[in-house]
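What follows is a single structure, written as structure tokens, with notes after it.
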Amino acid sequence: MSQTHFGFQTVDEAAKASKVKGVFDSVASKYDIMNDLMSMGLHRAWKAYTVAVANLKDGDRVLDIAGGTGDLSRAFARKVGERGMVVHTDINEAMLRTGRDRLLDEGLALPTNLCDAEKLPYPEGTFDLVSVAFGLRNMTHKDVALAEMCRVLRPGGRLLVLEFSKVAAPLQKPYDWYSFSILPRIGSLVAGDADSYRYLAESIRMHPDQATLKAMMKTAGFGHVDVHNMTGGVVALHVGIKC
5 MSQTHFGFQT VDEAAKASKV KGVFDSVASK YDIMNDLMSM GLHRAWKAYT VAVANLKDGD
65 RVLDIAGGTG DLSRAFARKV GERGMVVHTD INEAMLRTGR DRLLDEGLAL PTNLCDAEKL
125 PYPEGTFDLV SVAFGLRNMT HKDVALAEMC RVLRPGGRLL VLEFSKVAAP LQKPYDWYSF
185 SILPRIGSLV AGDADSYRYL AESIRMHPDQ ATLKAMMKTA GFGHVDVHNM TGGVVALHVG
245 IKC
């Protein structure tokens, strides 16, 4: 059986999905408050920049993969208007349910689907924009998922990948100290779960860096890929255009 990584652990590929599911089942109810605490509110600026780069217009069709608690889906829906469509998806039911309930509470009834990014249930060329924020690093076969995202985009459509990335060298030591010493403590105090947040820190280190992910996106079918580093490379937004 093939093996892959789960944080710093090596596990069977078949076991990774259930382990990732356990992490997000555990953190779903505290996900939003933990995002604010972990990033000191910066995740809001990263997402706002992503929405600005998306540059959506009225009537556009958007697929939000790993949409979780719905921050991007909500913002995209306001941009595409009543003629447009935003599909809110996640592989994790607890995260998807939390996001759906939040959206409904705000008067947004979006199509909400439980689906695997490696096997998207949509026809080729369905969407103008596909986004995945802080979800790609948890996928077992990133190359397969990227190819699927390319498939469901129309020619000229764009993929936006917002993800933790490789920080600038001067930030490496303090970032590692924060990630492995402080982050699990916050997780323990606020969410009652240090292990899940230790995994999140590990998964960031195992994720491809900016140049590697850019190359992967080109291999998946994106003819042009731009990389936007934010906060010294803590986060990067990759923007791919399907040719």
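Just so you know, we're using the numbering used here here: the sequence shown kicks off at 5 and counts up by one.
Built from N, CA and C at the ideal position, the CB exists for glycine as well.
Got a sec: is the Cβ-Cβ distance from Ile245 to anything in chain D below 8 Å?
-> Looking at the structure shown, chain D is missing, and only one protein chain is on hand.
Out of Lys34, Gly237, Lys61, Leu67, point me to the one whose CA is closest to Ala173's CA.
-> Ranking the options by Cα distance to Ala173, first place goes to Gly237.
Should Gly139 go down as buried or exposed, given a rule of 16 or more other Cβ atoms within 10 Å for buried?
-> buried
For Ala172, which of helix, strand or coil comes out of DSSP?
-> coil
How close, in whole Å, do the beta carbons of Ile208 and His228 come, if the pair is a contact with beta carbons under 8 Å?
-> Not confirmed; about 26 Å, so no contact.
Can we say the stretch 145–156 touches the stretch 112–130, given the rule of at least three CB pairs closer than 8 Å?
-> yes
Neighbourhood of Met153 by C-beta distance below 6 Å, restricted to the same chain and skipping five residues each side | Val134, Leu163
What do you reckon, are the CB atoms on Asp132 and Arg155 nearer than 8 Å?
-> no
Going along the chain, which residues of its own chain have a beta-carbon closer than 7 Å to the beta-carbon of Ala195, five neighbours each way excluded?
-> Val31, Lys34, Met38
Which two residues bound the contiguous alpha helix (DSSP H) that contains Leu41?
-> 35–43
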